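K.L.:
First, the structure itself, so that you have it in front of you.
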Amino acid sequence: MASFAIPRLVLFGLVTIFAFAVLGIDAHVTSFFAKSGTVVPIECMGLATALFTILSVPAMVFSPKGSFPTTVLFETIWLSILWVFWLTTAALSSNLRTKVMKDLGPKGCAKLRDDAMAVCMELPGIEGLSYVNWLLLMFYTLALCIFLYMARNGGHPNVWSASASEFPYSRRSNVDSTFNGTSYKHELPSSASV
1141 MASFAIPRLV LFGLVTIFAF AVLGIDAHVT SFFAKSGTVV PIECMGLATA
1191 LFTILSVPAM VFSPKGSFPT TVLFETIWLS ILWVFWLTTA ALSSNLRTKV
1241 MKDLGPKGCA KLRDDAMAVC MELPGIEGLS YVNWLLLMFY TLALCIFLYM
1291 ARNGGHPNVW SASASEFPYS RRSNVDSTFN GTSYKHELPS SASV
């Protein structure tokens, strides 16, 4: 369905752009902490989440039609995992930012100099972009599940193996549902009153 393919492409583009931004900011934070010999959890989680997103989301968009990465099943499972990663990254960066601000006191980042001040100012960026990616992926996955439920109730067979970008989410199927070669029509029993 073309009306779903365009928002999907825009959303995946935004998520990928934000992942590149988090990768760059987090790489700078990592290089700062590496100089001081300290490791914070946000470094590893932020870099891993951004890399997983950058490598997998464009692959889902540009995979050949009919391949496994383009199916509704793969997209639903993998994007659910990704939004959990983004939520974890956001929570870790929120925790680190809160700790840093508590230690710095009322002056906040203005107390620091040079690279330390830059890193202090970058933490809210990682936090904000991580929350945005989490929300985008979570709402997309929930919408995909709702459309999947609508399609399944609309009589579309094999909804899990259909392509996520071309799946007929809102149209009713012209074919009756089949199970093991037996055709079933969606009708009310004769004793039912409407």
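The number in my numbering is simply the position in the sequence shown, starting from 1, with 1140 added. Built from N, CA and C at the ideal position, the CB exists for glycine as well. These numbers were taken from a predicted model, which means no experiment stands behind them.
#1: Tell me which residues share the same chain as L1252 and place their Cβ nearer than 7 angstroms to its Cβ, disregarding the 5 neighbours each side in the sequence.
#2: Pairing CB atoms from the stretch 1147-1165 with CB atoms from the stretch 1259-1279, are three or more of them under 8 angstroms?
#3: Assuming G1186 contacts T1229 (C-beta within less than 8 angstroms), just tell me the rounded distance between them.
#4: If I follow the unbroken alpha helix (DSSP H) through L1282, where does it start and stop?
#5: Taking all protein chains shown into account, decide if N1293 is buried (16 or more other Cβ within 10 angstroms of its Cβ) or exposed.
#6: S1305 by DSSP, collapsed to three states: which one?
#7: Can you give me the C-alpha to C-alpha distance between F1152 and A1304, rounded to a whole angstrom?
#8: For A1188, which option in S1176, A1167 and K1175 has the closest C-alpha, if you only look at C-alpha atoms?
#9: Are W1226 and W1274 touching if we call contact CB-CB under 8 angstroms?
#10: Count the other CB atoms within 10 Å of the CB of F1279; is the residue buried (16 or more) or exposed (fewer)?
#11: Using the DSSP secondary-structure output, state which residues sit across from T1211 in a beta bridge.
#12: Would you mind stating whether T1156 and P1198 have Cβ atoms separated by less than 8 angstroms?
#13: Is there at least one non-hydrogen atom of the ligand ZN closer than 7 angstroms to the beta-carbon of V1197?
#14: Is T1238 helix, strand or coil when you go by DSSP?
#15: Excluding sequence positions up to five away, which residues of its chain have a Cβ less than 8 angstroms from the Cβ of S1203?
#16: Within this structure, are the beta carbons of V1212 and L1284 separated by less than 8 angstroms?
#17: When the distance is taken between beta carbons, is L1263 closer than 8 angstroms to L1236?
P.N.:
In brief:
#1: Mapped onto the sequence shown, residue 1252 falls at position 112. C1260.
#2: yes
#3: For the purposes of this step, residue 1186 is taken as residue 46 along the sequence shown, with counting starting at 1. For the purposes of this step, residue 1229 is taken as residue 89 along the sequence shown, with counting starting at 1. Going by Cβ atoms, the distance from G1186 to T1229 rounds to 5 angstroms, so yes, they are a contact pair.
#4: Taking the first residue of the sequence shown as position 1, residue 1282 is located at position 142. D1254 to N1293 is the span of the alpha helix (DSSP H), which, as asked, contains L1282.
#5: Taking the sequence shown and counting its residues from 1, the one referred to as residue 1293 is at position 153. N1293 is exposed by the Cβ-count criterion.
#6: By 1-based counting over the sequence shown, the position of residue 1305 is 165. S1305: coil per DSSP, three-state reduction.
#7: Within the sequence shown, the letter at position 12 stands for residue 1152. Within the sequence shown, the letter at position 164 stands for residue 1304. Spanning the two alpha carbons is a distance of roughly 12 angstroms.
#8: The residue labelled residue 1188 in the question sits at position 48 within the sequence shown. Answer by Cα proximity: A1167.
#9: Here residue 1226 is taken as the residue at index 86 of the sequence shown, counted from 1. Here residue 1274 is taken as the residue at index 134 of the sequence shown, counted from 1. Taking 8 angstroms as the Cβ cut-off, W1226 and W1274 qualify as a contacting pair.
#10: Along the sequence shown, read from residue 1 onward, the residue named residue 1279 stands at position 139. By the 10 Å Cβ count, F1279 comes out exposed.
#11: Sequence index remark: in the sequence shown, residue 1211 carries index 71 (1-based). T1211 pairs with S1303.
#12: For the purposes of this step, residue 1156 is taken as residue 16 along the sequence shown, with counting starting at 1. For the purposes of this step, residue 1198 is taken as residue 58 along the sequence shown, with counting starting at 1. Cβ distance < 8 angstroms, so T1156 and P1198 count as in contact.
#13: No copy of the ligand ZN occurs in the structure displayed, which carries no ligand at all.
#14: By one-based count along the sequence shown, residue 1238 stands at place 98. Residue state, collapsed to three classes: helix.
#15: In the sequence shown, counting from the first residue as 1, residue 1203 sits at position 63. Here the set comprises P1209 and T1210.
#16: Taking the first residue of the sequence shown as position 1, residue 1212 is located at position 72. Taking the first residue of the sequence shown as position 1, residue 1284 is located at position 144. Contact: yes.
#17: Indexing the sequence shown from 1 puts residue 1236 at position 96. Indexing the sequence shown from 1 puts residue 1263 at position 123. Result yes, Cβ atoms of L1236 and L1263 sit closer than 8 angstroms.
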